[in-house]
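Numbering (my numbering), first residue to last: 2 to 261. Idealized CB from N, CA, C, for every residue including glycine. Below: one structure, written as structure tokens.
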């Protein structure tokens with residue numbers, strides 16, 4: 002990934018998205034106004050931070066690309082496989098829709114999601130100019146939310162998977178994603194042919210590779226141009242919010258993308 006710094010904010014980008022002029026960024030926790038333990042570029046009010054702080058942080062993130070906050074569409078992330086399509090920004094006066102995936106073909110819409118260990122994935126069709134962003138925690142990964150996103154892109158926007166580019170951003174890595182047997186069983190059921198590539202037993206503990214699971218989901222859906230950051234949020238708490246690494250007392254980092 003390419004590291005960028007602007008106006009005191011530090012964010013990461015995928016080169017293949019830059020090649021197509023897609024404005025996007027996986028923003029670190031640096032450069033915001035929120036106090037500890039949300040310091041400092043926290044994007045979520047649900048963790049205990051104030052609305053005023055989050056709004057200022059959002060404005061700072063959008064200003065990096067010269068975007069207006071009124072263009073945003075975000076969702077109420079609930080660890081599902083639900084995906085929605087939109088051609089307009091979200092009306093902030095209405096209730097946020099529960100979804101973990103958002104797709105648009107409108108360059109005037111800026112897609113935004115928040116993360117704190119879960120896997121952020123962005124997808125773009127350079128032919129149809131369709132953008133998508135989704136949130137894949139372990140539950141969304143088991144439900145293969147990526148498959149739903151690609152299905153909607155193909156059925157609703159007539160995209161061809163072979164044309165799509167995808168980027169799997171910073172999240173908890175396999176060394177730190179340790180689970181109990183019940184979660185392992187769900188992954189075995191969801192990825193029966195690839196379970197041995199995703200699951201590792203080490204020192205009496207069960208480790209699962211969410212990066213590889215989401216990569217395989219995209220690959221099985223026909224996507225071939227996939228980049229993975231392989232940046233672990235737990236290992237790099239100085240730059241990223243980590244729910245597990247900070248024992249739940251932390252913020253959420255933002256991911257943004259638009260072609261506008």
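Could you tell me whether the Cβ atoms of residue 22 and residue 260 are closer together than 8 Å?
Counting from 1 along the chain shown, the entry for residue 22 is found at position 21. Counting from 1 along the chain shown, the entry for residue 260 is found at position 259. In contact: residue 22 and residue 260 (Cβ atoms closer than 8 Å).
Can residue 114 and residue 108 be called in contact, C-beta distance under 8 Å?
Counting from 1 along the chain shown, the entry for residue 114 is found at position 113. Counting from 1 along the chain shown, the entry for residue 108 is found at position 107. No, the pair does not count as a contact, with Cβ atoms beyond the cut-off.
Short check: CB of residue 245 to CB of residue 101, under 8 Å?
In the chain shown, counting from the first residue as 1, residue 245 sits at position 244. In the chain shown, counting from the first residue as 1, residue 101 sits at position 100. Going by C-beta atoms, residue 245 is not nearer than 8 Å to residue 101.
Output yes or no for whether 8 Å exceeds the beta carbon distance between residue 99 and residue 87.
Counted from its first residue, the chain shown places residue 99 at position 98. Counted from its first residue, the chain shown places residue 87 at position 86. For residue 99 and residue 87, no; Cβs fall outside 8 Å.
Can you tell which of 55, 238, 178 has its C-alpha closest to the C-alpha of residue 139?
By 1-based counting over the chain shown, the position of residue 139 is 138. Of 55, 238, 178, the residue nearest in Cα terms is 178.
Which of the three DSSP states, helix, strand or coil, is assigned to residue 195?
As a first step, residue 195 must be located in the chain shown, where it is residue number 194. Reduced to three states, the DSSP call for residue 195 is coil.
According to DSSP, residues forming a beta bridge with residue 125:
Against the chain shown, residue 125 aligns to sequence position 124. Answer is 132, 166.
How far does the beta strand (DSSP E) with residue 112 in it extend, from its first residue to its last?
Here residue 112 is taken as the residue at index 111 of the chain shown, counted from 1. First-last of the beta strand (DSSP E) with residue 112: 111 to 116.
Along the chain, where does the alpha helix (DSSP H) that runs through residue 155 open and close?
On the chain shown, residue 155 is found 154 positions in, with the first residue counted as 1. Per DSSP, residue 155 belongs to the alpha helix (DSSP H) from 146 to 158.
Considering just the uninterrupted stretch of the beta strand (DSSP E) at residue 213, what are its terminal residues?
Counting from 1 along the chain shown, the entry for residue 213 is found at position 212. No beta strand (DSSP E) contains residue 213, which is instead part of the alpha helix (DSSP H) from 211 to 221.
Continuous beta strand (DSSP E) stretch holding residue 248: start and end
Here residue 248 corresponds to residue number 247 of the chain shown, with the count starting at 1. Annotation for residue 248: no beta strand (DSSP E) segment contains it, and DSSP assigns it neither H nor E.
Return the Cβ separation of residue 134 and residue 112 in integer angstroms, given the expectation that the two are a contact with Cβ distance under 8 Å.
If you number the chain shown from 1, residue 134 lands on position 133. If you number the chain shown from 1, residue 112 lands on position 111. 4 Å between Cβ atoms; contact.
Grab the span of the alpha helix (DSSP H) containing residue 140 for me, first residue to last.
Here residue 140 refers to the residue found at position 139 when the chain shown is read from its first residue. Here the alpha helix (DSSP H) through residue 140 covers 139 to 143.
Just list the residues that DSSP pairs residue 172 with in beta bridges.
Position 171 of the chain shown holds residue 172. Beta-bridge annotation (DSSP): residue 172 is paired with 233.
Any idea what DSSP makes of residue 18, helix, strand or coil?
Position 17 of the chain shown, counted from the first residue, corresponds to residue 18. In this structure, DSSP gives residue 18 a helical state, which the three-state scheme calls helix.
Rounded separation between residue 60 and residue 110 - CA only
What you label residue 60 is simply residue 59 of the chain shown in a count that begins at 1. What you label residue 110 is simply residue 109 of the chain shown in a count that begins at 1. Approximately 15 Å between the Cα atoms of the pair.
Could you give the distance in angstroms between the alpha-carbon of residue 241 and the alpha-carbon of residue 156?
Counting from one through the chain shown, the residue named residue 241 turns up at place 240. Counting from one through the chain shown, the residue named residue 156 turns up at place 155. A direct Cα-to-Cα measurement between residue 241 and residue 156 gives close to 35 Å.
Could you give the DSSP three-state label for residue 68: helix, strand or coil?
Sequence index remark: in the chain shown, residue 68 carries index 67 (1-based). In this structure, residue 68 counts as coil in the three-state DSSP scheme.
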